[in-house]
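What follows is one structure encoded as structure tokens, with my remarks underneath.
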Amino acid sequence: MSREDYEIVIGLEVHSELSTNTKIFCSCLTKFGGEPNTHCCPICTAMPGTLPVLNEEVVKYAVKAGLATNCEISIESKNDRKNYFYPDLPKAYQISQYDEPLCKKGYIEIETGKEKKKIGITRIHIEEDAGKLNHDPYGRGTLVDLNRAGVPLIEIVSEPDMRSAEEVDAYLKKLKSILEYIEVSDCKMQEGSLRADVNLSIRKKGATEFGTRTEMKNMNSFRSIVRAIEYEADRQIEVIENGGKIEQETLRWDDVSGKTFSMRDKEDAQDYRYFPDPDLPRFTVTKEVQSIIKESLPELPESRKKRYIEEYGISERDSNILVSSKKYSDLFEKATMVSNNPKAVSNWIITEITRIINEKEMEQSEIPFSAEHLGKLINLIDKGTISSSIGKKVLEELFENPREPELIINENGWIQISDEGAIKNVVLKILKENSQSVADYKAGKDKALGFLVGQAMKETKGKANPKILNEMFLKEISNF
Amino acid sequence: MNEEEIRRLAKLSRLSLTDEEVKKFSAELKDIIELCQQVNNINTDGLETSTSSLEKSNVFRKDEVKECMDREKLLRNCEEVEDGMFKIPKVIN
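Chains as they are written, first to last, in our numbering: chain F, 1 to 480; chain B, 1001 to 1093.
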């Protein structure tokens, strides 16, 4: 038996912090960062005698998420207490939803390679986030910061429909982009506003029963999730192949060692003793409210993609990349309005901008310049004011210190030389200085011309109009 | 409510109970549960299930930021404070 004989079965629980102004049950700020314990009040720190009151926007945001993922929205809902003891949870229970989630029975569509697949969404419910534990630098205790306690979350539970790390990656990216498009969460994985628990089991191919699953908690980067899945699937297969049994347990993924570790001992099996929260009355989302929210949903990635292919002639592959994040998609649309050259905008985003973002390890949402800047940059190239290699330098500048592209060009003296007289002088100079290359070219070595053009570009610091430069070389070289 | 259940509940709540206390609570909780059982004997045929004693529903708050609590005041009753945070015994992760 080998790995090919097994099928991996994966389901995800994704937690996403909602970008409402205030917490779910009190009027404290939800903003990330801030001095410890400055976004707190008696309610979110669980002082005795306080009364939580539900933030209406939280319900609205969760319903948006449900509608955008094809869920049924419950007309009647309630909040429940999930009891567990941990110091990041000051009440010793989390207010969540148990048997009546706000949204259920949805799906999203993913694409891997050429295959399209529906991944079921079991449910989406609202709940509160916990605080943050910091370890005392001297190791003498634990320090509790409750700024995050009470920040609203939605938990999106998928069906065990995924069969590979690739599908999980596609699902998460799709989900992230949907949540960004409908503007309910900023989905910054580095700040923990999007994190996933991965439930994984294996079974022999063709089997209909699920194997025993393990759960990996709080993964917050795509890369770690993919690595953890590969590792955990291999580990389970090895256990089974050696005649062992998989224990149902919670695991912690360690990115440094690239391994999973058991988090809790078995006798600590969780028992959350859910019950309806007596402080919070039931709430309803009527059909009318649902349809008002539905009307307010913006255009979703699927529909934008279709438009890019049909209206702008962008390839399916590139369209997929463009709609993968709202930032890219908005950048593309707005820059296209300025430059009227969708293909160029698409190419700049997919190659140059993506390259710089990867080098700088930034998130797409952190791109500092505006779509107008990008559109104007492309205009300057299209008009011949600058060459595309100078365009790349302008782009680098836009990342460093965003300002009008025209200003950047003027400040740096980067305007393209299109004056034939000036170019001719450079060409003659280079031809004189490189007689060997001239001879090589005449002897049939076409490459030598490329070298000469390169020298001329160097001489003009990349500012010569490449088309005129090439033509000038071809014209003048015969005179040498 | 046997002693084993009392021990499990105590563990879930991070309470340390002496053997004597376990005996005591086991008996007391048994009485309480028996008392509550009487509610189960009431005939509820034809009544809708209710999950809250509150008559009202849809009590919402607007999503408007209000001033948070002064940190010093918030931490005032805390036994130990460090760097503006509640200091508690070390939690092993």
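Cβ atoms here follow ideal geometry from the backbone N, Cα and C, with glycine treated the same way.
Burial state of residue i, where buried means 16 or more other Cβ atoms lie within 10 Å
| i | result |
| --- | --- |
| residue 43(F) | buried |
| residue 194(F) | buried |
| residue 1032(B) | exposed |
| residue 86(F) | exposed |
| residue 437(F) | buried |
| residue 303(F) | exposed |
| residue 1076(B) | exposed |
| residue 41(F) | buried |
| residue 11(F) | buried |
| residue 297(F) | exposed |
| residue 1013(B) | exposed |
| residue 171(F) | buried |
| residue 367(F) | buried |
| residue 223(F) | exposed |
| residue 36(F) | buried |
| residue 369(F) | buried |
| residue 79(F) | buried |
| residue 93(F) | buried |
| residue 137(F) | exposed |
| residue 479(F) | exposed |
| residue 75(F) | exposed |
| residue 1042(B) | exposed |
| residue 17(F) | buried |
| residue 1091(B) | exposed |
Residues sharing a beta bridge with residue i, DSSP
| i | result |
| --- | --- |
| residue 502(F) | Residue 502(F) lies beyond the range of chain F shown here (1 to 480); nothing can be said about it. |
| residue 215(F) | 199(F), 250(F) |
| residue 121(F) | 106(F), 158(F) |
| residue 517(F) | The displayed coordinates of chain F run from 1 to 480. Any statement about residue 517(F) would go beyond what the structure contains. |
| residue 134(F) | 143(F) |
| residue 434(F) | In DSSP, residue 434(F) forms no bridge with anything. |
| residue 83(F) | 93(F) |
| residue 182(F) | None; residue 182(F) has no bridge partner. |
| residue 262(F) | 251(F) |
| residue 152(F) | 128(F) |
| residue 1018(B) | Residue 1018(B) pairs with nothing; no bridge assigned. |
| residue 1060(B) | 54(F) |
| residue 283(F) | 77(F) |
| residue 1082(B) | 1085(B) |
| residue 275(F) | 81(F) |
| residue 6(F) | 204(F) |
| residue 111(F) | 116(F) |
| residue 29(F) | 22(F) |
| residue 17(F) | 153(F) |
| residue 464(F) | 417(F) |
Residues near residue i in its chain [Cβ-Cβ closer than 6 Å; skip 5 each side]
| i | result |
| --- | --- |
| residue 1089(B) | none |
| residue 330(F) | none |
| residue 321(F) | 350 |
| residue 252(F) | 261, 263 |
| residue 389(F) | 462 |
| residue 531(F) | Because chain F is modelled from 1 through 480, residue 531(F) falls outside the range shown and cannot be assessed. |
| residue 39(F) | 28, 29, 147 |
Contacts around residue i, its chain only, beta-carbon distance under 7 Å, and the 5 residues preceding and following it disregarded
| i | result |
| --- | --- |
| residue 233(F) | 8, 200, 202 |
| residue 205(F) | 5, 6, 7 |
| residue 293(F) | 60, 63, 64, 67 |
| residue 384(F) | 416, 418, 465 |
| residue 71(F) | 103, 104, 105, 106, 121, 124 |
| residue 1030(B) | 1001 |
| residue 502(F) | Examination of residue 502(F) is not possible in this model, given that chain F is present from 1 through 480 alone. |
Nonlocal neighbours in the same chain, by C-beta distance under 8 Å from residue i, ignoring five residues either side
| i | result |
| --- | --- |
| residue 372(F) | 334, 335, 338 |
| residue 266(F) | With a pLDDT of only 49 at residue 266(F), under the threshold of 50, the placement of this residue in the model should not be trusted, and no figure is reported. |
| residue 220(F) | 189, 190, 192, 194, 195, 196 |
| residue 1081(B) | 1075, 1087 |
| residue 143(F) | 36, 133, 134, 135, 136 |
| residue 212(F) | 201, 245, 246, 247, 248 |
| residue 150(F) | 23, 24, 25, 26, 28, 43, 44, 128, 129 |
At what residue ranges does the stretch 300 to 338 of chain F contain a whole run of the alpha helix (DSSP H), taking only runs of 4 or more? 301 to 312, 316 to 323
Does the count of Cβ pairs from the stretch 402 to 416 of chain F and the stretch 430 to 441 of chain F closer than 8 Å reach three? no
Whole alpha helix (DSSP H) elements within the stretch 39 to 79 of chain F, 4-residue minimum: 56 to 68
Using 8 Å as the threshold, is the stretch 395 to 407 of chain F in touch with the stretch 355 to 365 of chain F, meaning 3 or more CB pairs across them? yes
Using a beta-carbon distance cut-off of less than 7 Å, what residues from the stretch 1053 to 1070 of chain B approach chain D? Looking at the structure shown, chain D is missing, and the protein chains on hand are F and B.
Which ranges would you report for the alpha helix (DSSP H) in the stretch 350 to 424 of chain F if only whole runs of at least 4 residues count? 354 to 360, 371 to 382, 388 to 400, 405 to 412
Across the stretch 53 to 68 of chain F and the stretch 20 to 38 of chain F, are there enough close Cβ pairs to call them in contact, namely three or more that are closer than 8 Å? yes
Measuring CB atoms only, is the stretch 178 to 191 of chain F touching the stretch 128 to 142 of chain F, in the sense that at least three cross pairs come out at less than 8 Å? no
Given 8 Å, three or more beta-carbon pairs between the stretch 46 to 53 of chain F and the stretch 104 to 121 of chain F: no
Would you call the stretch 91 to 108 of chain F and the stretch 270 to 290 of chain F in contact, with 3 or more CB pairs under 8 Å? yes
Across the stretch 279 to 290 of chain F and the stretch 221 to 240 of chain F, are there enough close Cβ pairs to call them in contact, namely three or more that are closer than 8 Å? no
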